[in-house]
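Q: In order, the protein sequence lines correspond to chains X and A.
Under this note's numbering, the letters of the first sequence match residues 867 to 1361, in that order.
Under this note's numbering, the letters of the second sequence match residues 223 to 606, in that order.
Have a look at the structure that comes next, please.
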Amino acid sequence: MERLKILRSADKEIIAQKLRDAIGPEKVKDDDIVLITYASDPPTPYRKPGFVVFPESREDVKSVLLIANEHRIPVTPILRGVNTAGYGIPSEGGIVIDLRRMDKIIEINTDSGYAVIEAGVNFDKFTTALLGKGFRCSVPTSPGGSAVVGNYLSRPTGSLCNRHLDLIIDLEVVLPDGTIFNTGSSQFPHAGSHMRYGPHPDLAGIFTCAYGTMGIVTKAAVRIYPINEANRVNLAAFDSFESAVDFVKDIINNNIPEHCIIWNWQLYETFAVDLSKRDAVIPPQLHMDPRHAPEGKPYSVVTTFMSGYEEMMAASEKMLEKVAMKYGGRTLSDEEGEKLLPVAKAGWDVLYAKYHQIEPTFFGLGRYMVWIMLTEPKDVKKMEKWAVEELAKVGVTPVCYYSQPFDFGRSMFFRIFCFPDPYNQELIEKVATTYQKMFQTAMEKYGAIPMRHKTQYRSIQLTNGYYEALKKIKKAFDPNNILNPSVGLFREDEL
Amino acid sequence: MKLSTRLKDVRGAASLCIKCAGCTYAEWPETYPLCPIYSRDNCFTFCGGGLLYLVKALVDQKIEFSQSIADLAFACTGCGACDARCGIIRSHTPYADPWDIVRLLRHESVKRGFIPEGIPQQIHHQVRTDGDFGRENGFKIPGKIANDKADTVIFAECFHTDTQSHISKSVLSLLEKIGRPVSDFSEKGCCGSTLYDLGFWEQLEPLIKTNWKKMKDVIDKKIVFMNPHCQEFIVKRYPENLPDYKSIRHQHFSQLLTEAFKGNKLRSKKSDKVKVSYHDPCYLGRGLRIYDAPREVLSFLHGVDLVEMERNRENSFCCGARAMSNYFSDMSEVTARERLDEFRATGAERLITACPYCKEIFQKVLGKEKEIVTDLIEFVDDRT
Chain X
867 MERLKILRSA DKEIIAQKLR DAIGPEKVKD DDIVLITYAS DPPTPYRKPG
917 FVVFPESRED VKSVLLIANE HRIPVTPILR GVNTAGYGIP SEGGIVIDLR
967 RMDKIIEINT DSGYAVIEAG VNFDKFTTAL LGKGFRCSVP TSPGGSAVVG
1017 NYLSRPTGSL CNRHLDLIID LEVVLPDGTI FNTGSSQFPH AGSHMRYGPH
1067 PDLAGIFTCA YGTMGIVTKA AVRIYPINEA NRVNLAAFDS FESAVDFVKD
1117 IINNNIPEHC IIWNWQLYET FAVDLSKRDA VIPPQLHMDP RHAPEGKPYS
1167 VVTTFMSGYE EMMAASEKML EKVAMKYGGR TLSDEEGEKL LPVAKAGWDV
1217 LYAKYHQIEP TFFGLGRYMV WIMLTEPKDV KKMEKWAVEE LAKVGVTPVC
1267 YYSQPFDFGR SMFFRIFCFP DPYNQELIEK VATTYQKMFQ TAMEKYGAIP
1317 MRHKTQYRSI QLTNGYYEAL KKIKKAFDPN NILNPSVGLF REDEL
Chain A
223 MKLSTRLKDV RGAASLCIKC AGCTYAEWPE TYPLCPIYSR DNCFTFCGGG
273 LLYLVKALVD QKIEFSQSIA DLAFACTGCG ACDARCGIIR SHTPYADPWD
323 IVRLLRHESV KRGFIPEGIP QQIHHQVRTD GDFGRENGFK IPGKIANDKA
373 DTVIFAECFH TDTQSHISKS VLSLLEKIGR PVSDFSEKGC CGSTLYDLGF
423 WEQLEPLIKT NWKKMKDVID KKIVFMNPHC QEFIVKRYPE NLPDYKSIRH
473 QHFSQLLTEA FKGNKLRSKK SDKVKVSYHD PCYLGRGLRI YDAPREVLSF
523 LHGVDLVEME RNRENSFCCG ARAMSNYFSD MSEVTARERL DEFRATGAER
573 LITACPYCKE IFQKVLGKEK EIVTDLIEFV DDRT
């Protein structure tokens, strides 16, 4: 495989002209001011791209890829740019393809239950459009400005991920050699995007959690769901995380919730942040020891989201009461919920009952450092205690965490995060080192797996035959390895 | 923001941005575009968050100050939409709103000699020469209501624009109609608002200290402002920068008018039908959160039918008056045109605003049609 090129200034001029000729000068930027603002995603180091381009169609994307492929220039696609994980960091001198101008909602199919949207559509735009149609989508705990397609491609946590983990049905993809294709049923000339899995291998999976390394997704059909006659956000309180997990598994097995989330006491108290007070500061609870809930406060609160006919909701709520008692907990009435955790309750009502991101939620506290793992229910109970203990040893605050079932509770998602002082580099590095050690231990001791690719952990993430098979696909799709090499999923010397 | 703040002090605040661009559009579910520069060029660089990343890169010495950086910083209209919309709270001190960080970026550019050509250079020359920026305004309270002991003071320190002079005439006329005894504070100099926004902070500090000293005789009274920029600056920035600042009672002239209508001191006399739309000035609306008073005033005027533009109140779109056009050509005019298109879509005949700068740019862009724009104060004067 030929090495990627670092462009000399003369080459850069030639490439700039080619890009401008291909997609129009107004869609190509190469001045330092723009380039430097696309160069970093704290705390990752600066990598200044050579160009930022703003395609407005899949043909524009194809044109850019053909030029990049011909000249072996690395390409980093970003959809809206919302990122805290370093997946949108360009290669030095490479091309950033910013897809934010491709933000058309092409179709909302209320008969079948899918929407076809361009890659740059954000959640705020999408949820607004859906509400007008009496539909909803899985809403993640990311800001409303984040891209729906990018989020769903990373197989995220979301308001429906217990029942609906795969949110993508169909993708439109552009490969470096200019091939454009659809992965789902719309590949058939007369069919819409109603079906992901067809008579042949599921290619959409190759672009899921691929971070733009396999092809550039320009359009997607995503699942949407009708807004039912009634919905409920039920709250159940438990004195231990283990009981909360048992409760969640039980109600899932009995087909009650669309989704559940287990909140630790700090997070349920502070989930939504009241920004109307301009002198707001980080809530003091987040600086307290997460291992010990204050007197009278449940350690964990489970939010159970349900929707359907009114009669079903009433019957399900009775069942929740019964099951909560079975595990030593209790459900909270609306009044109790509003009294115990008024701001969070209001926030969950937005997330679940209005089908929209809470503005602002914990990301309103700014950039955070997060540790995420997936494991089986029996293991998450042990992992929670251990993880909280490990982070407490670092002494970083504020800190909080939550857990939720994926795919009917087959796997449990666990996410702990902290907001270290951005000026305290020593503490930031200490947290990073601790996370790295925790990562390895969780895999070995708790059978956990990572949720996302992390460059620094790649030696333990990409192992055995899986990586060999993946490399073969990569070589077929992107033989020059131009697609998002900075994310570190593939190393040039290994391909 | 404290005038002693340096760029490195806000690096932490700038690094909290998660690039969501939520600072560019209205709160869900409206989601209207709000940031004028982002509307002009849909690129992350050209929004509050992008400018924060630019500041971070400057502090990290990944890019050097240049005329282009200064020109971009001065292209921002200063509408404050990013401040209102940014979800990052004061989680790490010293916290700063995005628009304040842009002002600081302007200041640091100016310090290095990068001042955009045109109005900024003219003003900078004047403040360096005179230590102030303002001009005689000739504001004089009519004898029958002038009373130095009155509890109400009209703040009329300087008039930067001719439109402001015209508005002041209506202020005096209305005060006479109301018959309310007032005094005035009308030095020839600037309150500091313009210097603060343009980053001319070296000259600003002594200016506001001097100004505050002069204001000592009026600070126990209620101060009524006709220019929201002066009001916003004094009530928000003087406390941050003057150790001896004492909280003042303050009111915008639209609030005084509301009281006058409610107390039957002012009555609507004309009743011909006219459909109007009201443009929320950024400093009066997002800056001071005064949205109701101007609308209430209009509701007291017979025959006046208020039709809202799609983007109104918190979601109002800027007029563009304070943007410089050195980075993007005609930034100010293009922004004003977008707002005027929205006004035209309402079908209203008159566009009412409550800020001299808004009126000035709208009139400039409208040319021969300029008479359709008027300030609230002038409009009320005409119909009472």
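Every residue, glycine too, gets a C-beta built ideally from N, C-alpha and C.
Which first and last residues belong to the alpha helix (DSSP H) in which phenylalanine 584(A) is found?
A: Note, phenylalanine 584(A): alpha helix (DSSP H), 578 to 588.
Q: Indicate whether leucine 1361(X) and valine 1265(X) have their beta-carbon atoms separated by less than 8 Å.
A: no
Q: Within its chain, find whatever has a CB closer than 8 Å to the CB of glutamate 868(X); leave out the 5 residues flanking it on each side and keep chain order.
A: Caution applies to glutamate 868(X), whose pLDDT of 48 falls short of 50 and renders its modelled position unreliable; the model cannot decide the point.
Q: Check the Cβ-Cβ distances between serine 1012(X) and every residue of chain A, and say whether any is below 8 Å.
A: yes
Q: Have a look at proline 1055(X) and alanine 981(X) and give me their C-alpha separation to the nearest angstrom.
A: 18 Å
Q: Can you list, in chain order, the residues of its chain whose CB lies under 7 Å from that of lysine 1247(X), leaving out five sequence neighbours each side?
A: Phe1107, Glu1108 and Val1111
Q: Which value, in whole angstroms, describes the spacing of the CA atoms of threonine 383(A) and histidine 501(A)?
A: 19 Å
Q: From the DSSP output, in three-state form, read off methionine 867(X) for me.
A: With a pLDDT of 44 at methionine 867(X), under the threshold of 50, the modelled position of this residue cannot be trusted, and the question is left open.
Q: Kindly indicate the opening and closing residues of the beta strand (DSSP E) around histidine 474(A).
A: 471 to 474
Q: Taking 8 Å as the cut-off, decide whether the C-beta atoms of alanine 543(A) and serine 476(A) are in contact.
A: no
Q: Are glutamine 1327(X) and proline 1316(X) closer than 8 Å when you measure CB to CB?
A: yes
Q: In the DSSP assignment, find the unbroken beta strand (DSSP E) run with tryptophan 1129(X) in it and report its ends.
A: 1125 to 1130
Q: Helix, strand or coil for glycine 914(X)? Go by DSSP, reduced to three states.
A: Just to set this straight, residue 914(X) is lysine in the shown sequence, not glycine. Three-state DSSP puts lysine 914(X) in coil, outside helix and strand.
Q: Would you report the Cα separation of histidine 474(A) and proline 450(A), rounded to the nearest angstrom?
A: One Cα belongs to histidine 474(A), the other to proline 450(A), and the distance between them is close to 7 Å.
Q: Roughly how many angstroms lie between the CA atoms of leucine 885(X) and valine 894(X), to the nearest whole one?
A: Cα-Cα distance, rounded: 7 Å.
Q: How about lysine 278(A) and alanine 236(A): do their beta carbons lie closer than 8 Å?
A: Going by C-beta atoms, lysine 278(A) is nearer than 8 Å to alanine 236(A).
Q: Leaving out five residues on either side along the sequence, give the residues of the same chain with a beta carbon under 7 Å from the beta carbon of glycine 1203(X).
A: Excluding positions up to five away in sequence, the list reads Leu1101 and Lys1211.
Q: Under 9 Å Cβ-Cβ, which residues of chain A neighbour threonine 994(X)?
A: Chain A residues near threonine 994(X): Trp250, Pro251, Glu252 and Thr253.
Q: Pull up the CB-CB distance for threonine 513(A) and glutamate 454(A), whole angstroms please, since I reckon it's below 8 Å.
A: First, the amino acid is wrong: residue 513(A) is tyrosine here, not threonine. Not quite, the Cβ-Cβ distance comes to about 14 Å (not below 8 Å), so this is no contact.
Q: Which residue from Val404(A), Glu358(A), Asp354(A) and Ser387(A) puts its Cα closest to that of glutamate 427(A)?
A: Asp354(A)
Q: Would you kindly report the start and end of the unbroken alpha helix (DSSP H) that includes aspartate 442(A)?
A: Where aspartate 442(A) is concerned, there is no enclosing alpha helix (DSSP H), given that its DSSP letter is neither H nor E.
Q: Whole angstroms is fine: what's the gap from phenylalanine 1274(X)'s alpha carbon to arginine 1029(X)'s?
A: 6 Å
Q: Please give the ranges of any beta strand (DSSP E) in the region 445 to 526 of chain A, keeping only runs that are unbroken, at least 3 residues long and fully inside the region.
A: 471 to 474 and 496 to 500
Q: Taking Cβ positions only, does alanine 303(A) come closer than 8 Å to chain X?
A: Not one beta carbon of chain X lies nearer than 8 Å to the beta carbon of alanine 303(A).
Q: Excluding five sequence neighbours on each side, which residues of the same chain lie with their C-beta closer than 7 Å to the C-beta of glutamate 582(A)?
A: Thr383, Thr385 and Ala543
Q: Could I get the ranges of all uninterrupted beta strand (DSSP E) runs contained in the region 1018 to 1059 of chain X, with 3 residues as the minimum, in chain order?
A: 1034 to 1040 and 1046 to 1048
Q: Closer than 9 Å by beta-carbon distance: list the chain X residues that pair up with cysteine 257(A), in chain order.
A: The contacting residues do not exist; cysteine 257(A) stays about 12 Å from chain X at best.
Q: Which two residues bound the contiguous alpha helix (DSSP H) that contains lysine 1337(X)?
A: 1330 to 1343
Q: For glutamate 398(A), which residues from the same chain have a beta carbon less than 8 Å from its beta carbon, with the 5 sequence-adjacent residues on both sides left out?
A: Pro364, Lys366 and Ile367
Q: Please classify lysine 1251(X) as buried or exposed, where buried requires at least 16 neighbouring CB atoms within 10 angstroms.
A: exposed
Q: For the region 327 to 346 of chain A against the region 412 to 421 of chain A, are there 3 or more C-beta pairs whose distance is under 8 Å?
A: yes
Q: Is the Cβ of phenylalanine 296(A) closer than 8 Å to any Cβ of chain X?
A: no
Q: Buried or exposed, going by whether 16 or more other CB atoms sit within 10 Å of the CB of tyrosine 1332(X)?
A: exposed
Q: Decide if serine 957(X) is buried, meaning its Cβ has at least 16 other Cβ atoms within 10 Å, or exposed.
A: buried
Q: What did DSSP end up calling valine 948(X) once you bin it into helix, strand or coil?
A: coil
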